[in-house]
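Student: Be aware that the sequence shown starts at 1, since it is given in the UniProt record's numbering, and climbs by one per residue.
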Amino acid sequence: MNINKQKILQALQKHYDKAVALSLDLSDHPELPYEEFESSKKIVKILSEAGFKVTYPYAGYHTAFCAELDNGTGPSAALLVEYDALPEIGHGCGHNLHGALSVLAGLGLMELKDSFKGRLYVIGTPAEEENGAKIGMAQQGIFDHMSLAAMMHSASGEFSIPDMDVLSLRCYVVDFHGKTAHSVSSPWEGRSALAAGRKFLDLIDARRECFTPDIHVNSVILDGGKAPNIIPDFCRIRMEFRTDSLKKLEKMDEAIRKCADAAALALECTVTLEPGLSDFYDMVRTQPLETAVTELLEDYGKKTASVNTPSGSSDVGNVSYHCPAIQPQISVTNETMALHTTEFRNACRTDFAHESMLKGAAVLTELFLKVYNDPEFRSQVQSSWEESLRKKKE
Numbered sequence: 001m002n003i004n005k006q007k008i009l010q011a012l013q014k015h016y017d018k019a020v021a022l023s024l025d026l027s028d029h030p031e032l033p034y035e036e037f038e039s040s041k042k043i044v045k046i047l048s049e050a051g052f053k054v055t056y057p058y059a060g061y062h063t064a065f066c067a068e069l070d071n072g073t074g075p076s077a078a079l080l081v082e083y084d085a086l087p088e089i090g091h092g093c094g095h096n097l098h099g100a101l102s103v104l105a106g107l108g109l110m111e112l113k114d115s116f117k118g119r120l121y122v123i124g125t126p127a128e129e130e131n132g133a134k135i136g137m138a139q140q141g142i143f144d145h146m147s148l149a150a151m152m153h154s155a156s157g158e159f160s161i162p163d164m165d166v167l168s169l170r171c172y173v174v175d176f177h178g179k180t181a182h183s184v185s186s187p188w189e190g191r192s193a194l195a196a197g198r199k200f201l202d203l204i205d206a207r208r209e210c211f212t213p214d215i216h217v218n219s220v221i222l223d224g225g226k227a228p229n230i231i232p233d234f235c236r237i238r239m240e241f242r243t244d245s246l247k248k249l250e251k252m253d254e255a256i257r258k259c260a261d262a263a264a265l266a267l268e269c270t271v272t273l274e275p276g277l278s279d280f281y282d283m284v285r286t287q288p289l290e291t292a293v294t295e296l297l298e299d300y301g302k303k304t305a306s307v308n309t310p311s312g313s314s315d316v317g318n319v320s321y322h323c324p325a326i327q328p329q330i331s332v333t334n335e336t337m338a339l340h341t342t343e344f345r346n347a348c349r350t351d352f353a354h355e356s357m358l359k360g361a362a363v364l365t366e367l368f369l370k371v372y373n374d375p376e377f378r379s380q381v382q383s384s385w386e387e388s389l390r391k392k393k394e
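What follows is the structure in structure tokens.
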């Protein structure tokens, strides 16, 4: 291990116990999206005491923050921090752990501020599990001047994933309106909104045969009536659909609207489609970042593998349309298990998970130092990102 890595680990070790305590505290006291008041306060306190200039609340979000280190003339880069939890099971997605990981990397870079010039931002981003705040922040232009925005995500299995990809996501609340009637004595006077909703789902299923493999549509009926002897005049469906590009997202949007209109027409109902969430974007990938992270993960003792098929969505994708961004997955347990489970929540509390947090923080710290101090690498990252973005928009 060269001296640079030794210095990085020494800087991080000074704050390691604090980061472990933060991760466990967040796990013990989970807070739902946009309700992360105590979680954000705890993180803000740590960053303020370390010397960061903190804006809190931030960007119009009560539980967001921006901690800034103005370290002279140079590039700007942002560490992203997540800390929202899931209903019932708490931190089953590991936000407590990888949120603390980003905080630890920020503290390490503060310790190493004599080693770089530029601006460092540690940005608290609420509600990734719901209507991710990174989406609104990206729309506000917060990341437009960044040379890099990065975080890691907790994962399971033998391998860490340096090139995590994500799918675009759109969510709709689809409301069908019909007319009530008694379902036995005079059903002909009614117009079943539930029947229209079911026909809509049938039409979507009929379209699946012609979907490309990256397209996923998932639905649930939220309201289909209250009693079987009443023809329901209202049906509400929540639908999510994902693809590997924004262009396909728009094409899918057109197909789904046609299915909704056709179902309403056939059953003599009316239909409206309203956004259920803001759109989550796919990832604009930057090869030099992925190559660098692969090497760094292996340098710090993590085995790596590439994932060819994205299977989820993240608001980091939205950030990647505004600046070079990366979100590697770091394995926090060698056992393969699903996220959003109590098993994974518990795995994020172990000594192995905390050691992985330290290694992940070291990877981010060294990556940020490379962006700050290596103009050639920074230029390669920017050029690669711009080319990937151009192809996405073609």
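Every residue gets a Cβ at the ideal spot worked out from N, C-alpha and C, and that includes glycine.
A quick note: this is a predicted structure, and the numbers were derived from the prediction, not measured.
Between the region 319–330 and the region 151–158, do three or more beta carbon pairs fall short of 8 Å?
Tutor: Enough Cβ pairs lie closer than 8 Å, so yes.
Student: Going by beta-carbon coordinates alone, are Asp-233 and Gly-190 separated by less than 9 Å?
Tutor: Cβ distance < 9 Å, so Asp-233 and Gly-190 count as in contact.
Student: Considering only the beta carbon of each residue, do Ser-147 and Gln-380 sit closer than 9 Å?
Tutor: Cβ distance not < 9 Å, so Ser-147 and Gln-380 don't count as in contact.
Student: For Gly-157, collect the residues of the same chain with a Cβ closer than 6 Å to its Cβ; drop the 5 residues on either side in sequence, then sort them by chain order.
Tutor: The answer, listed in chain order, is Ser-331, Thr-336.
Student: Count the CB pairs spanning the region 305–322 and the region 350–361 that are closer than 8 Å, and state whether there are at least three.
Tutor: Flag = no, the region 305–322 and the region 350–361 do not touch.
Student: Considering Cα atoms alone, identify which of Asp-261, Ser-115, Leu-367 is closest to Asn-71.
Tutor: That would be Ser-115, whose Cα lies nearest to the Cα of Asn-71.
Student: Can you give me the Cβ contacts of Ala-193 inside the same chain, cut-off strictly under 7 Å, excluding the 5 residues immediately before and after it?
Tutor: Excluding residues within five positions, the ones whose Cβ falls inside 7 Å are Phe-176, His-177, Gly-178, Pro-232, Asp-233, Phe-234, Cys-235, Cys-269.
Student: Compare the beta carbon distance of Leu-109 and Leu-369 with 9 Å and say whether it is the shorter of the two.
Tutor: Yes, the pair counts as a contact, with Cβ atoms nearer than the cut-off.
Student: In terms of alpha-carbon separation, which member of Asn-96, Gly-301, Glu-49, Gln-139 lies closest to Ala-85?
Tutor: Ranking Asn-96, Gly-301, Glu-49, Gln-139 by Cα distance to Ala-85 puts Asn-96 first.
Student: Go through its chain and collect everything with a Cβ distance to Ala-77's Cβ below 8 Å, but skip five positions before and after it.
Tutor: Closer than 8 Å at Cβ, skipping near neighbours: Gly-118, Arg-119, Leu-120, Tyr-121, Met-146, Ser-147, Leu-148, Ala-149, Ala-150, Phe-368, Val-371, Tyr-372.
Student: In the DSSP assignment, the beta strand (DSSP E) including Arg-170 goes from what residue to what residue?
Tutor: Element bounds for Arg-170: 168–177.
Student: Measuring straight from C-alpha to C-alpha, what distance separates Val-166 and Thr-286?
Tutor: Using only the alpha carbons, I get a separation of about 13 Å.
Student: What does DSSP give as the partner residue(s) for Asp-70 in the beta ladder?
Tutor: Per DSSP, Arg-119.
Student: Restricting to runs no shorter than 4 residues, where is the alpha helix (DSSP H) found entirely within the region 326–386?
Tutor: Entirely contained in the region 326–386, the alpha helix (DSSP H) runs reaching 4 residues are, in chain order, 342–347, 351–373.
Student: Is the beta carbon of Phe-65 sitting closer than 9 Å to the one on Gly-106?
Tutor: No, the pair does not count as a contact, with Cβ atoms beyond the cut-off.
Student: Would you list the residues sitting across from Thr-243 in a DSSP beta bridge?
Tutor: Paired residue(s): Ser-168.
Student: Taking the alpha helix (DSSP H) that Asn-96 falls in, what are its first and last residues?
Tutor: Its alpha helix (DSSP H) spans residues 95–111.
Student: Count the other C-beta atoms from every protein chain shown that fall within 10 angstroms of the C-beta of residue 472, then say buried if there are 16 or more, exposed otherwise.
Tutor: Residue coverage of the chain in this structure runs from 1 to 394, which leaves residue 472 outside it and unanswerable.
Student: Is the number of C-beta pairs between the region 7–15 and the region 343–356 that are closer than 8 Å three or more?
Tutor: No, the region 7–15 is not in contact with the region 343–356.
Student: By DSSP, does Lys-53 sit in helix, in strand, or in coil?
Tutor: Note: Lys-53 maps to strand in three-state DSSP.
Student: With 16 other CB atoms within 10 Å as the buried threshold, where does Asp-315 fall?
Tutor: Asp-315 comes out buried.
Student: Please list, in chain order, all residues of the same chain as Asp-17 whose beta carbon is under 7 Å from its beta carbon, the five residues on each side excluded.
Tutor: No residues qualify anywhere along the chain.
Student: Tell me which residues share the same chain as Ile-89 and place their Cβ nearer than 8 Å to its Cβ, disregarding the 5 neighbours each side in the sequence.
Tutor: So the qualifying residues of the chain are His-340, Thr-341, Thr-342, Arg-345.
Student: Taking the straight line between their C-alpha atoms, what separation do you get for Glu-376 and Asp-25?
Tutor: If you take the alpha carbons of Glu-376 and Asp-25, they lie about 41 Å apart.
Student: So, is Thr-309 buried or exposed, given that buried needs 16 or more other C-beta atoms within 10 angstroms?
Tutor: Counting Cβ neighbours within 10 Å, Thr-309 comes out exposed, since fewer than 16 surround it.
Student: From Glu-128 to Leu-169, what does the alpha carbon distance come to, in whole angstroms?
Tutor: Rounded to whole angstroms, Glu-128 to Leu-169 spans 13 Å at the Cα level.
Student: Exposed or buried, which one is Ser-306 when buried takes at least 16 other CB atoms within 10 Å?
Tutor: The residue is exposed, with fewer than 16 neighbouring Cβ atoms inside 10 Å.
Student: Within the present structure, is the beta-carbon of Tyr-372 separated from the nearest heavy atom of the ligand ADP by less than 8 Å?
Tutor: Because no ligand of any kind appears in the structure shown, any question about the ligand ADP cannot be addressed here.
Student: Would you check if the distance between the CB atom of Ile-221 and the CB atom of Leu-203 is smaller than 9 Å?
Tutor: Taking 9 Å as the Cβ cut-off, Ile-221 and Leu-203 do not qualify as a contacting pair.
Student: Rounded to a whole number of angstroms, what is the C-alpha to C-alpha distance between Glu-355 and Lys-53?
Tutor: Roughly 28 Å between the two C-alpha positions.
Student: So what's Phe-65 in DSSP terms, helix, strand or just coil?
Tutor: Three-state DSSP puts Phe-65 in a strand.
Student: Measuring only the C-alpha atoms, how far is Ile-161 from Thr-304?
Tutor: Distance between the alpha carbons of Ile-161 and Thr-304: 6 Å.
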